[in-house]
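Peer 1:
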Amino acid sequence: MPYDLRPMPYDLRHLKGVRKISALTAYDYLMAKVVDEAGIDIVLVGDSLGMVVFGARDTKEVTIEDMIRHTGAVMKGVKKAMVVCDLPLESCVSVERVLADARRVKDETGCNCMKIEGKPELVRALVDAGFEVMGHTGLKPQEADSFKVQKGDHILEEARAIERAGASSVVIECVPADLGRKITDELKIPTIGIGAGPDCDGQVLVLPDMLGLNPEFKPKFLRKYADLHEVAKNAIERYKEDVEKGIFPSASQSY
Numbered sequence: 012m013p014y015d016l017r018p019m020p021y022d023l024r025h026l027k028g029v030r031k032i033s034a035l036t037a038y039d040y041l042m043a044k045v046v047d048e049a050g051i052d053i054v055l056v057g058d059s060l061g062m063v064v065f066g067a068r069d070t071k072e073v074t075i076e077d078m079i080r081h082t083g084a085v086m087k088g089v090k091k092a093m094v095v096c097d098l099p100l101e102s103c104v105s106v107e108r109v110l111a112d113a114r115r116v117k118d119e120t121g122c123n124c125m126k127i128e129g130k131p132e133l134v135r136a137l138v139d140a141g142f143e144v145m146g147h148t149g150l151k152p153q154e155a156d157s158f159k160v161q162k163g164d165h166i167l168e169e170a171r172a173i174e175r176a177g178a179s180s181v182v183i184e185c186v187p188a189d190l191g192r193k194i195t196d197e198l199k200i201p202t203i204g205i206g207a208g209p210d211c212d213g214q215v216l217v218l219p220d221m222l223g224l225n226p227e228f229k230p231k232f233l234r235k236y237a238d239l240h241e242v243a244k245n246a247i248e249r250y251k252e253d254v255e256k257g258i259f260p261s262a263s264q265s266y
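Each residue of the sequence shown is one higher than the last, beginning at 12 in the working numbering.
1) Which whole-angstrom value is the C-beta distance of D39 and H81, which I expect to be below 8 angstroms?
2) Kindly list the residues whose CB is nearer than 8 angstroms to the CB of V106, restricted to its own chain and excluding five residues on each side of it in sequence; keep chain order.
3) How should H147 be labelled, buried or exposed, when 16 other C-beta atoms within 10 angstroms of its C-beta is the threshold for buried?
4) Between L16 and I258, what straight-line distance do the alpha-carbon atoms span, to the nearest angstrom?
5) Assuming A207 contacts A188 (C-beta within less than 8 angstroms), just tell me the rounded distance between them.
6) Can you give the Cα-Cα distance for Y14 and R114, rounded to whole angstroms?
7) Tell me whether I247 is buried or exposed, calling it buried when 16 or more other Cβ atoms sit within 10 Å of its Cβ.
8) Is it right to say V242 is buried, meaning 16 or more other beta carbons lie within 10 angstroms of its own, or is it exposed?
9) State the beta-bridge partners of L55 as determined by DSSP.
10) Which residues in the same chain as H240 place their Cβ atom closer than 8 angstroms to its Cβ, once the five residues preceding and following it in sequence are excluded?
11) Give every residue of the same chain whose Cβ lies closer than 6 angstroms to the Cβ of V182, excluding the five residues on either side of it in the sequence, and list them in chain order.
12) With DSSP as the reference, label E128 as helix, strand or coil.
13) Put E101 into one of helix, strand or coil per three-state DSSP.
14) Can you list the alpha helix (DSSP H) stretches of 4 or more residues lying completely in the region 151-216, in chain order?
15) Taking the straight line between their C-alpha atoms, what separation do you get for M12 and N123?
16) How far does the alpha helix (DSSP H) with V109 in it reach, from first residue to last?
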């Protein structure tokens with residue numbers, strides 16, 4: 012399906028105050044298919060892949076090549092959901108660089124919606140160039156040295172600036188619930204919370220986290236909907252046992 016037939020951020024604005032918006036990350040073709048088939052509204056190809064795919068400590072060394080490769084894979088798996096590409100730290104150093112990298116994403120993957128952490132001036136440049144933009148305020152992993160709850164009036168001010176710059180939605184990460192509610196009430200665009208309380212217009216989680224693939228990761232905001240680490244480990248242990256006993260493959264798995 013051509014990308015221009017899929018939901019775009021402006022199609023989700025009418026949901027503000029009507030129903031909650033669901034979002035999840037995905038980084039590969041098969042999991043993107045699963046997320047899309049489940050009816051999720053937004054599939055975010057997050058630079059969180061630096062941690063959950065590459066095993067890095069943070070997102071800061073993710074490259075635009077990484078994002079293009081994974082966004083392309085996700086685009087192949089998604090038929091209905093809106094796909095958003097997180098622009099990595101290296102893309103956000105100047106207007107010229109962010110525009111060049113966003114054009115690469117669009118040309119090489121078909122994805123026209125970019126996510127930017129903070130930096131309203133870059134949001135405006137992308138919007139003026141014809142891109143849809145999801146903003147991001149609160150905790151900004153590309154800048155943070157630690158993952159702590161963020162507080163202060165500057166977060167509301169940044170959210171306002173992101174909206175004025177033309178963003179179609181904004182992620183609010185790791186802020187007190189009352190601040191998440193205040194920002195949501197004030198903005199006309201949808202807010203997508205992650206650790207920002209129940210009153211945001213939508214919620215997003217990192218897919219491997221909510222599926223329980225990393226048992227050591229236990230932030231307060233995370234609800235695990237499965238324990239796929241144990242499911243996968245048990246399946247692999249059974250496979251190993253069958254191989255060692257010589258009972259796999261059996262006649263039914265042989266040509």
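For every residue, glycine included, the Cβ atom is placed at its ideal position computed from N, Cα and C. Predicted, not measured: the structure shown is a model, and the values here were computed from it.
Peer 2: In brief:
1) 7 angstroms
2) E132, L133, A136
3) buried
4) The predicted model places L16 with a pLDDT of 49, which falls under 50 and marks its position as unreliable; any figure quoted below should be read in that light. Their backbone Cα atoms lie some 49 angstroms apart in a straight line.
5) 7 angstroms
6) Low local confidence applies: a pLDDT of 46 at Y14 is under 50, so the model's placement there is unreliable, with the coordinate-based value given in what follows. Cα-Cα distance, rounded: 15 angstroms.
7) exposed
8) exposed
9) T36, V95
10) G223, L224, N225, P226
11) H147, I203
12) coil
13) helix
14) 164-175, 188-197
15) Any reading at M12 is ruled out, since the residue's pLDDT is 40, under 50, leaving its predicted position unreliable.
16) 106-120
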